[in-house]
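There are 6 protein chains.
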Amino acid sequence: MGQIITFGEVLMRISPRGNRKFIQSNTVEFYFGGTEVNVGLSIAHFGGNVKHITCISDDFIGDTAISYLNKFDLDTTAIIRTNRPLGVYFLEVGAVMRPSSISYNRSHSAFSEIKPHMVDWEKSLANGNWFHWTGITPALTQGSFDTLKEGLKLAKEKGMQVSADPTYRSGLWQYGVNSREALTELLHCSTIFIGGINEMNEVLGTNFGYTNDEFIEASKMLIEKFPSIVKVFDKIRTSINASWHKIRARMWNGEDFRETEDFDITHIVDRIGTGDAFAAGLIYGLQYYDDYKSMQFASAACALKHTYVGDVNYATIEEVTRILDGNVSGRFNR
Amino acid sequence: MGQIITFGEVLMRISPRGNRKFIQSNTVEFYFGGTEVNVGLSIAHFGGNVKHITCISDDFIGDTAISYLNKFDLDTTAIIRTNRPLGVYFLEVGAVMRPSSISYNRSHSAFSEIKPHMVDWEKSLANGNWFHWTGITPALTQGSFDTLKEGLKLAKEKGMQVSADPTYRSGLWQYGVNSREALTELLHCSTIFIGGINEMNEVLGTNFGYTNDEFIEASKMLIEKFPSIVKVFDKIRTSINASWHKIRARMWNGEDFRETEDFDITHIVDRIGTGDAFAAGLIYGLQYYDDYKSMQFASAACALKHTYVGDVNYATIEEVTRILDGNVSGRFNR
Amino acid sequence: MGQIITFGEVLMRISPRGNRKFIQSNTVEFYFGGTEVNVGLSIAHFGGNVKHITCISDDFIGDTAISYLNKFDLDTTAIIRTNRPLGVYFLEVGAVMRPSSISYNRSHSAFSEIKPHMVDWEKSLANGNWFHWTGITPALTQGSFDTLKEGLKLAKEKGMQVSADPTYRSGLWQYGVNSREALTELLHCSTIFIGGINEMNEVLGTNFGYTNDEFIEASKMLIEKFPSIVKVFDKIRTSINASWHKIRARMWNGEDFRETEDFDITHIVDRIGTGDAFAAGLIYGLQYYDDYKSMQFASAACALKHTYVGDVNYATIEEVTRILDGNVSGRFNR
Amino acid sequence: MGQIITFGEVLMRISPRGNRKFIQSNTVEFYFGGTEVNVGLSIAHFGGNVKHITCISDDFIGDTAISYLNKFDLDTTAIIRTNRPLGVYFLEVGAVMRPSSISYNRSHSAFSEIKPHMVDWEKSLANGNWFHWTGITPALTQGSFDTLKEGLKLAKEKGMQVSADPTYRSGLWQYGVNSREALTELLHCSTIFIGGINEMNEVLGTNFGYTNDEFIEASKMLIEKFPSIVKVFDKIRTSINASWHKIRARMWNGEDFRETEDFDITHIVDRIGTGDAFAAGLIYGLQYYDDYKSMQFASAACALKHTYVGDVNYATIEEVTRILDGNVSGRFNR
Amino acid sequence: MGQIITFGEVLMRISPRGNRKFIQSNTVEFYFGGTEVNVGLSIAHFGGNVKHITCISDDFIGDTAISYLNKFDLDTTAIIRTNRPLGVYFLEVGAVMRPSSISYNRSHSAFSEIKPHMVDWEKSLANGNWFHWTGITPALTQGSFDTLKEGLKLAKEKGMQVSADPTYRSGLWQYGVNSREALTELLHCSTIFIGGINEMNEVLGTNFGYTNDEFIEASKMLIEKFPSIVKVFDKIRTSINASWHKIRARMWNGEDFRETEDFDITHIVDRIGTGDAFAAGLIYGLQYYDDYKSMQFASAACALKHTYVGDVNYATIEEVTRILDGNVSGRFNR
Amino acid sequence: MGQIITFGEVLMRISPRGNRKFIQSNTVEFYFGGTEVNVGLSIAHFGGNVKHITCISDDFIGDTAISYLNKFDLDTTAIIRTNRPLGVYFLEVGAVMRPSSISYNRSHSAFSEIKPHMVDWEKSLANGNWFHWTGITPALTQGSFDTLKEGLKLAKEKGMQVSADPTYRSGLWQYGVNSREALTELLHCSTIFIGGINEMNEVLGTNFGYTNDEFIEASKMLIEKFPSIVKVFDKIRTSINASWHKIRARMWNGEDFRETEDFDITHIVDRIGTGDAFAAGLIYGLQYYDDYKSMQFASAACALKHTYVGDVNYATIEEVTRILDGNVSGRFNR
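Residue numbers (full-length UniProt numbering), protein chains in the order written: chain S, 1 to 334; chain L, 1 to 334; chain C, 1 to 334; chain E, 1 to 334; chain Y, 1 to 334; chain R, 1 to 334.
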């Protein structure tokens with residue numbers, strides 16, 4: 001397995017314990033995360049060789065972030081340090097009919113002020129065979145968009161696999177670029193699309209619904225528009241409430257449509273990063289398995305992430321495999 | 001919105017973390033609450049103008065209690081301080097088939113020794129347009145009953161709205177007064193009845209069952225007996241077990257019977273104060289909405305309270321409104 | 001009620017908070033447990049007179065263990081102290097489809113090096129009328145097997161009741177003894193069998209399935225083979241996932257087959273020691289009740305244990321009785 | 001060593017962590033203590049045979065208190081349970097020039113309502129050879145004074161040693177008895193006086209200063225007035241500030257005056273119960289040692305208590321002995 | 001006592017427990033502070049009438065900040081809310097020879113983007129008789145400087161007392177203004193100077209040393225240059241190490257030089273905000289006492305602040321007064 | 001700077017919070033440490049290139065240990081995993097005159113069962129230029145002694161620097177080897193001796209006292225006996241009590257005797273690993289500085305370690321350097 005490259009902002013997450021709000025707390029817990037590094041850390045935890053590229057504050061908070069990434073044996077050697085602060089987000093974890101609440105302090109962070117010249121892409125991608133990006137990075141600032149674009153172009157030139165998770169968040173994209181145009185440019189460098197109807201509608205300008213037939217039709221249209229893309233993977237979440245979800249996945253790989261059974265996640269511990277756990281499972285799976293089994297692996301990884309507090313999936317390869325083998329009842333051996 | 005007056009004991013609640021018993025713990029958490037102040041704090045947290053009248057110990061525990069109330073921007077200027085201790089209750093939060101356990105240390109508290117001359121009701125109600133009381137206060141001591149009675153009489157004279165939540169607890173009423181007679185006297189000063197079949201049976205001396213028809217019949221009888229009362233609101237709780245309840249509400253306003261759909265509260269965090277959250281939602285709602293929408297607002301507030309640890313409802317007006325708008329799946333936007 | 005004797009290893013359990021893994025933690029909680037002492041502590045907590053015999057380290061960890069047992073007013077006077085360390089186990093509590101994980105450090109513990117001459121069985125059993133053992137003890141070392149055997153023989157001679165819970169764990173039995181032979185020898189000293197199909201198959205060398213008919217057939221065969229055994233009690237667990245189980249029980253007492261209804265344990269707090277809680281409930285129940293009511297008592301005790309963190313059942317006699325009286329909805333009175 | 005009897009109120013202490021105030025906290029820690037039970041627990045922890053007699057609430061807080069005492073293997077069989085709450089005190093631990101703050105909620109506690117008929121003194125003192133009392137108990141209520149008096153009279157009749165620690169707190173003695181008269185009556189049943197100039201001045205009505213000469217003179221006068229008393233032990237505390245004290249002791253046993261060197265307690269962890277640790281060390285010491293060595297033992301025990309959080313001295317006999325042997329530099333062996 | 005006005009940034013402080021670094025932690029504690037609001041909160045805690053003016057994020061972190069200020073009964077009605085995040089700082093508390101470490105994330109905070117038109121100074125100062133400012137505010141941005149300047153000019157016009165604490169931090173003043181010129185302009189609106197030699201040298205362009213004579217000479221020169229200023233108060237800190245300081249104060253009021261004795265702060269809990277506690281004590285004191293006693297009051301308040309974790313001085317008026325009365329040994333009464 | 005090799009057991013340390021004993025706790029904190037890995041981690045934290053060689057359990061505790069080492073960017077690629085448990089030690093941190101207490105569970109740990117064939121020394125030392133060992137490793141088992149010996153012989157062959165810290169603990173050395181002979185063999189492969197009079201007396205069989213003259217004489221004798229050794233560094237600790245130490249260092253490098261001034265460590269946070277911090281500082285320092293400055297660096301590192309909880313020195317190169325530059329008063333800049 002060659003080196004997998006992830007690129008994106010590392011954020012410090014600060015959350016009260018359990019389901020408390022900040023207004024009820026004076027003790028909080030912190031984690032580090034960010035959609036792309038979550039993917040990288042999860043793959044590293046499976047044993048993969050992953051390098052994460054980002055820009056981090058040159059203070060003890062930045063040191064702590066790097067130490068956190070090192071725990072997973074992620075390659076942190078290409079990380080840039082500047083004197084801007086690390087981005088922070090505050091999360092209050094909801095329950096039942098109360099959704100989680102989030103507040104960001106990232107708009108002038110170290111990463112948001114990244115510029116293309118700060119990354120030595122040639123060196124960074126030297127041993128890479130896979131590049132993963134998401135729609136968050138181009139949505140932040142012109143600098144982060146340009147830097148990503150430069151990396152993706154080189155990845156394409158080098159013939160790397162490029163997985164795209166073009167998650168769309170309306171609260172971002174504030175700096176003046178047209179989101180569809182930007183994503184279009186980046187998707188032309190990509191080979192695997194990880195996203196659902198919303199994301200396809202966003203980049204295609206369509207209005208497809210959520211049925212499997214529409215998913216297949218949208219996927220075909222996507223592949224037609226972006227010929228470099230060969231496969232589409234979608235994770236479907238059904239929320240009973242903030243504490244109880246169901247998860248399944250479906251795919252179109254140009255030939256076959258497949259879908260998995262539902263995982264019934266009756267007692268969610270933390271849903272942040274579960275989509276990233278799906279992407280990580282998929283990327284890891286595709287190194288070893290066929291498309292369908294990779295999707296199953298990704299679904300199981302995603303389901304397991306709901307049982308870990310924090311942004312990162314602490315599931316091990318053994319835990320995911322045990323579920324793939326049909327052990328979903330949570331019984332333990334001793 | 002004029003000033004809402006609440007009157008009643010403030011208690012310090014002490015609870016082990018999670019579902020632990022005291023015998024398993026050496027660290028505990030504390031909160032302040034009490035059925036009437038819970039109502040007041042919840043309305044203040046919605047942005048209402050609320051004054052709470054009570055009697056609190058003149059020590060650092062009393063200082064802490066007042067500081068806790070101030071957090072919510074509740075008007076604490078009418079609070080009396082004496083050298084008796086603050087009442088305390090100990091709560092062990094149950095789970096599944098294990099009920100919560102409670103133990104009180106309140107019988108000689110600062111509040112229990114309140115006397116009518118200690119409250120300047122004229123001044124306290126000067127800007128009030130609503131008075132809320134519960135059946136706990138008259139059940140404590142002759143002094144607390146008398147003090148409440150004096151306040152209610154003035155409220156009636158001033159033409160204030162008076163909401164009554166005559167919760168009946170058999171463990172109280174130890175000081176020699178007949179509970180039905182006492183409540184009857186107080187209900188004659190009241191305009192809104194917040195309670196169900198049990199409370200109506202208690203004050204009417206009847207034996208109605210739980211059907212809607214019986215609820216309507218009981219409400220009519222209540223309104224006949226207490227002509228000042230014009231509306232009856234009832235919250236119905238179905239306990240699957242200590243961790244999983246369903247909540248709905250119904251009302252009779254002299255003309256219409258209405259009921260809400262069930263909220264399915266699959267993962268209860270803390271059920272203390274959920275009835276108070278209903279009362280608070282109702283009182284707040286009735287300032288702005290019609291009876292039915294007020295009851296819906298109250299139900300949503302009550303349901304949300306189950307997701308907050310402590311006695312007080314930390315739900316914001318936005319959170320309640322989002323549920324009224326139909327968003328009950330707990331998904332969060334970012 | 002005479003004195004109940006339990007004999008077996010006391011382990012220190014170390015667990016992260018909630019559903020965290022060690023790799024996510026730097027604060028952990030500790031408890032003491034072990035299948036036999038869990039039974040003893042639970043009976044002592046019900047108010048029974050219980051003596052636990054074991055071997056514990058002669059250091060501050062051993063002091064802490066004894067202090068923990070003393071909390072329950074268990075008779076600790078027969079406990080032996082040596083300079084070997086106390087056994088430890090590490091537990092990560094799972095959730096939903098993630099099973100709990102366990103890692104033991106017990107193979108050279110104080111208890112594992114126990115030898116028959118170290119226990120004065122005559123004195124230890126002087127006031128005993130019941131002896132409880134499990135399949136863990138003979139599975140550890142030759143010394144622990146021999147010591148147990150000596151105790152059981154004396155118990156048989158003295159005509160004590162002997163309950164056997166021959167839990168089989170394949171990870172143990174590493175020291176060279178044939179497990180079936182060893183258990184056979186010990187079962188010939190026993191009067192009550194607490195175990196299910198798996199345990200009966202293990203000692204009978206059969207291959208029965210899980211139906212009630214097969215349970216009865218296996219029980220009859222067991223009683224035929226071990227004439228000292230007169231009753232068989234079985235607890236059946238259905239795992240929806242690691243957070244949600246159902247529990248029921250069944251029995252054959254030589255004459256009647258009976259089974260209980262399911263307890264639906266929708267929000268598990270900690271499932272460690274729930275089987276021990278069943279055994280404890282059964283032993284306690286059989287001092288006072290008939291077989292069927294004892295089994296009901298045991299089931300309720302077992303169900304309640306799922307709501308307590310740690311290895312020991314903190315349920316009180318009142319809590320169990322309330323459930324026997326049909327109050328399973330977890331409502332609390334105040 | 002015969003059984004040592006202690007009699008007095010058990011209080012629940014609730015304190016924020018470290019040096020926080022309640023107003024800064026939402027998490028607190030709880031302990032159980034009370035001057036007489038602190039003495040009993042400390043002696044039990046040294047390995048002594050101690051029975052504590054008290055009256056405790058019949059609820060889960062009372063259960064927790066008894067479980068706490070059982071940890072130390074204290075004999076709790078004579079404890080009375082009533083439906084009054086356990087007394088509580090709140091403590092904020094000071095630092096440097098900030099003194100600790102304390103607030104009591106004990107005036108209608110289970111113990112404060114004790115009456116002589118509730119204690120079976122004959123049975124309770126059956127195996128006793130030492131009775132320890134303090135000036136707190138007679139200062140609470142007529143009932144607690146009368147109950148103590150009855151016990152002391154029987155102790156005197158039986159020829160038991162009786163140690164008196166007549167600590168005087170002006171905030172108590174509110175129920176109408178003259179403190180000097182009450183203490184005088186009790187001291188006439190006592191054999192060992194544990195107290196200093198303030199206490200002697202209080203019971204003698206004198207005005208002695210703090211010099212050694214005055215101490216000797218006061219002691220002589222005390223022994224003359226109370227012929228049953230044969231020895232006087234005094235602990236002298238010098239406060240540099242709330243975090244740094246010096247402790248030494250002196251004695252007059254009718255023949256010799258002796259005093260110890262200062263212990264320099266440069267980093268106090270918790271000073272509550274340090275006087276009780278002195279009394280406990282003295283009582284324990286006097287079972288084995290001469291007066292001077294007992295006083296040294298008591299001083300070392302007292303000094304060590306300053307390093308333990310909570311009311312009880314967790315020092316072991318080995319820790320005290322090591323200091324008696326001259327190892328005061330806190331170096332540890334491994 | 002009229003209303004005291006404070007104006008400045010409110011920051012969220014995040015710190016690991018005790019002396020841990022972030023790299024050693026996953027749990028942290030948060031507080032709110034900021035040099036000016038620390039002064040305001042401390043005076044409010046003494047019972048003063050204080051209004052704080054600032055600009056805070058319009059999210060749940062901002063809500064939590066306001067709730068925190070409300071605890072102290074500070075007037076928060078003039079606080080502006082915008083959609084920029086609240087400033088944050090991270091603090092690692094040192095010990096012995098290890099200094100504390102600090103990292104700021106405040107450069108694009110809600111407050112840093114304040115502009116003069118956002119504050120209605122006329123309304124804000126309507127009931128004010130004292131305005132307190134520090135050198136932090138003009139050092140942040142042109143907007144914060146301009147807004148402060150406008151407020152101070154109005155304060156001068158209205159004849160309010162204006163206290164200036166022109167703390168100089170070289171890490172600030174990055175936006176292009178000359179610090180001496182800016183401070184000069186602001187000092188011409190001020191009446192009380194709270195600062196030492198460093199601050200006087202900064203604004204005078206002098207190079208005085210730390211002797212009392214030089215302090216007097218510098219003070220005279222300052223008063224000559226800024227005729228509105230009538231008194232100079234200086235707090236002198238001697239650091240033995242990060243855990244042990246000595247504090248004293250000196251003053252020149254145009255006529256007299258006075259200085260206090262040292263407070264020996266042998267066990268520092270938290271030194272953040274101790275300078276603000278001095279300023280608060282001084283402002284509060286000058287409402288009631290003469291200059292010297294006010295300075296003593298301020299010194300005692302400052303000393304006490306070292307014993308409270310967090311930015312705010314939780315000392316009460318009773319605690320400060322007890323020290324003024326000479327009780328510095330930290331003994332407590334009960 | 002070439003790669004520094006450390007070899008030795010990694011232990012899990014479990015400690016209650018603050019100065020609590022286990023018997024007072026139910027929550028504890030864990031760390032990883034061990035004298036040699038402490039040295040390695042500290043050097044890695046300074047930025048050095050360090051590889052640690054050890055044998056660790058193949059379970060989630062072992063995974064957690066490796067993740068902990070990775071945080072420091074230590075090279076963990078040569079670590080062996082077996083199915084024996086990781087060694088554990090329990091530590092209760094003392095205060096004032098109470099020493100810390102320690103209890104080990106390491107005698108059958110993964111490392112204790114290491115054998116020479118399990119380590120590929122050729123590969124492990126391929127890039128090494130320094131090897132550090134301590135007297136703990138040969139004291140454990142024959143296997144650990146033999147494995148170390150093999151490594152040291154190769155290191156000597158390769159001409160690497162070898163630092164020896166032959167700490168002598170009488171509680172070890174239980175497996176039958178003569179400690180002096182074993183250490184002698186290992187010292188003949190060493191070039192730097194880190195130890196004091198006790199260690200020199202142990203290996204020389206002498207009886208030198210603690211004066212500087214005797215230190216020089218002993219050092220000369222040591223160098224004569226072990227010609228490979230060229231320098232001796234000694235750290236001298238003066239314990240006022242368990243909370244307050246003084247530290248200084250002295251050296252003999254064959255030519256010069258030098259000693260440092262005392263560091264006065266008035267408020268110790270955690271003294272475990274402070275000797276290892278000295279060794280780490282020395283090894284790091286000797287890569288860049290002369291002997292004397294290296295010793296100063298080592299002393300400052302050692303002093304700083306007393307302010308960090310846990311076994312590892314979290315001091316950064318900047319923190320040590322600041323002290324070398326004379327800033328020992330703990331003032332912080334902002």
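Ideal placement from N, C-alpha and C gives every residue a C-beta, glycine not left out.
- Rounded to whole angstroms, the gap between the alpha carbons of R/R180 and Y/Q24 is 39 Å.
- As DSSP reads the structure, R/A95 sits in a beta bridge with R/R98.
- Per the coordinates, the alpha-carbon of S/G18 lies some 14 Å from the alpha-carbon of S/F90.
- Within chain S, N19 and A95 have C-beta atoms less than 7 Å from the C-beta of L/V269, given in sequence order.
- In the structure shown, E/I136 adopts helical secondary structure according to DSSP, grouped into three states.
- Note on S/Y308: 16 or more other CB atoms within 10 angstroms of its CB, so buried under the neighbour-count rule.
- Residue burial annotation: Y/D291 is buried, with at least 16 other C-beta atoms found within 10 angstroms of its C-beta.
- Check the Cα spacing between L/W133 and each of L/L186, L/A110 and L/A95: the tightest is with L/L186.
- Just so you know, the alpha carbons of L/F131 and L/G40 end up roughly 10 Å apart.
- Any Cβ of chain C closer than 8 Å to the Cβ of E/S67 would place that residue at the interface, and such an atom is present.
- The Cβ of S/D75 sits no closer than 8 Å to any Cβ of chain R.
- Contact between the region 162–182 of chain Y and the region 244–260 of chain Y is absent: fewer than 3 CB-CB pairs across the two stretches fall below 8 Å.
- The secondary-structure analysis by DSSP pairs R/F46 with nothing; it has no beta-bridge partner.
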